[in-house]
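In this text, residue positions in the sequence shown follow UniProt numbering: the first is 1, and each later residue adds one. Glycine is no exception: its CB is placed at the ideal position from the N, C-alpha and C atoms. The next block holds one structure in the form of structure tokens; read it before the comments.
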Amino acid sequence: MEYIGTMKKSRILIGLISIVIILFGVVTFASHAHSEKLSAESSARSKMSSKKIASSRVSSSSSSAKVASEKANDSIIYLTFDDGPQESTTPQLLKILKKEQVHATFFVTGHGPDSLIKQEYEQGNVIGLHTMTHDYATVYASPAAYFNDLQQISDRVYRLTGERSMMVRVPGGSANQVSHGLMPQILPQLVQKGYKYFDWNISSGDGGYEATAEEPYQHVTTTLVPHSKNVVLMHDTKQTSIDAVQRIIEFGKANGYKFETLNMNSWAPQQISMPQ
Numbered sequence: 001m002e003y004i005g006t007m008k009k010s011r012i013l014i015g016l017i018s019i020v021i022i023l024f025g026v027v028t029f030a031s032h033a034h035s036e037k038l039s040a041e042s043s044a045r046s047k048m049s050s051k052k053i054a055s056s057r058v059s060s061s062s063s064s065a066k067v068a069s070e071k072a073n074d075s076i077i078y079l080t081f082d083d084g085p086q087e088s089t090t091p092q093l094l095k096i097l098k099k100e101q102v103h104a105t106f107f108v109t110g111h112g113p114d115s116l117i118k119q120e121y122e123q124g125n126v127i128g129l130h131t132m133t134h135d136y137a138t139v140y141a142s143p144a145a146y147f148n149d150l151q152q153i154s155d156r157v158y159r160l161t162g163e164r165s166m167m168v169r170v171p172g173g174s175a176n177q178v179s180h181g182l183m184p185q186i187l188p189q190l191v192q193k194g195y196k197y198f199d200w201n202i203s204s205g206d207g208g209y210e211a212t213a214e215e216p217y218q219h220v221t222t223t224l225v226p227h228s229k230n231v232v233l234m235h236d237t238k239q240t241s242i243d244a245v246q247r248i249i250e251f252g253k254a255n256g257y258k259f260e261t262l263n264m265n266s267w268a269p270q271q272i273s274m275p276q
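Here you go:
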């Protein structure tokens, strides 16, 4: 009996030990599995974080590149030509502009053949209004005389292009000394009638006499301002200016300027400003 009792106790002890071993194995396995799961989750989070950082860096890099690109392209030249068209010079200018794939803004008069204004327009240039006669005594006889002259050139441009231009450059500029003090009357009326007038902030100096094309070239290229809007006054009636245009365009392109045309939303340099 004593032997049997001993055997039973031994079996019970062995069973308890087995249970303990099994439980230890289960706990160890579960702990290991949980550790692997945590490790996997941590690795996944790390990868996601790395992707976000990389994406952020790419986004930041793209944004910086965009800003740099925009800054690099904010040097603008607006070539503007007054007093034409003229049969002997304007065709030369249009040929140069077409070759260089550059467009300009022409403030035209009643002079020259209709075909040249049509060609300017059809070639992608912008047509603005100067005056019909461009005769100071006629234009500035009175405010009424000015608007009568302006209406005539407006009608000419409309007949040739089918568009009613509202862009104006007054003869001599808004601060001219030949209008006998009429500008304070004329300019507010221009604005009230829906026109926008454009002066310039760079002059080629070709309003006078130039012996060579070097003079207008130097006037323009030495006064251009980088990262700015440069509205250049020239005249397509002056041969020296036509001869200078090619080099001015080449200089602008070589120095990071882009060429644009004026429109009703453009910034307008105004020597005498009126509320728009």
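Closest option to G194, judged by alpha-carbon separation, among N201, R164, I202 and A141: R164. The residues V245 and Q246, in chain order, have a CB closer than 6 Å to that of I96 in the same chain once the five nearest residues on each side in sequence are set aside. With distances taken between CA atoms, T237 lies nearest to G84 out of Y78, Q92 and G84. Proximity to G181 across S203, V139 and V157 peaks at V139, based on C-alpha coordinates. Inter-segment contact for the segment 170-185 and the segment 214-229 is absent: fewer than three beta-carbon pairs are separated by less than 8 Å. Per the DSSP secondary-structure output, K229 pairs in a beta bridge with I76. Listed in chain order, the alpha helix (DSSP H) elements of length 4 or more contained wholly in the segment 183-250 are 183-192 and 214-221.
Residue pairing by DSSP places F81 opposite F106 and M234 in a beta bridge. For the 8 Å CB-CB criterion, N125 and T261 form a contact. Contact between M234 and D206 holds: CB atoms are separated by about 6 Å, below the 8 Å threshold.
Assigned with DSSP and collapsed to three states, G128 falls in strand. Boundaries of the alpha helix (DSSP H) around S115: D114 to E122. Here the alpha carbon of G256 sits roughly 13 Å from the alpha carbon of N230.
Contact between S241 and S266 does not hold, since the beta-carbon distance rounds to 22 Å and is not under 8 Å.
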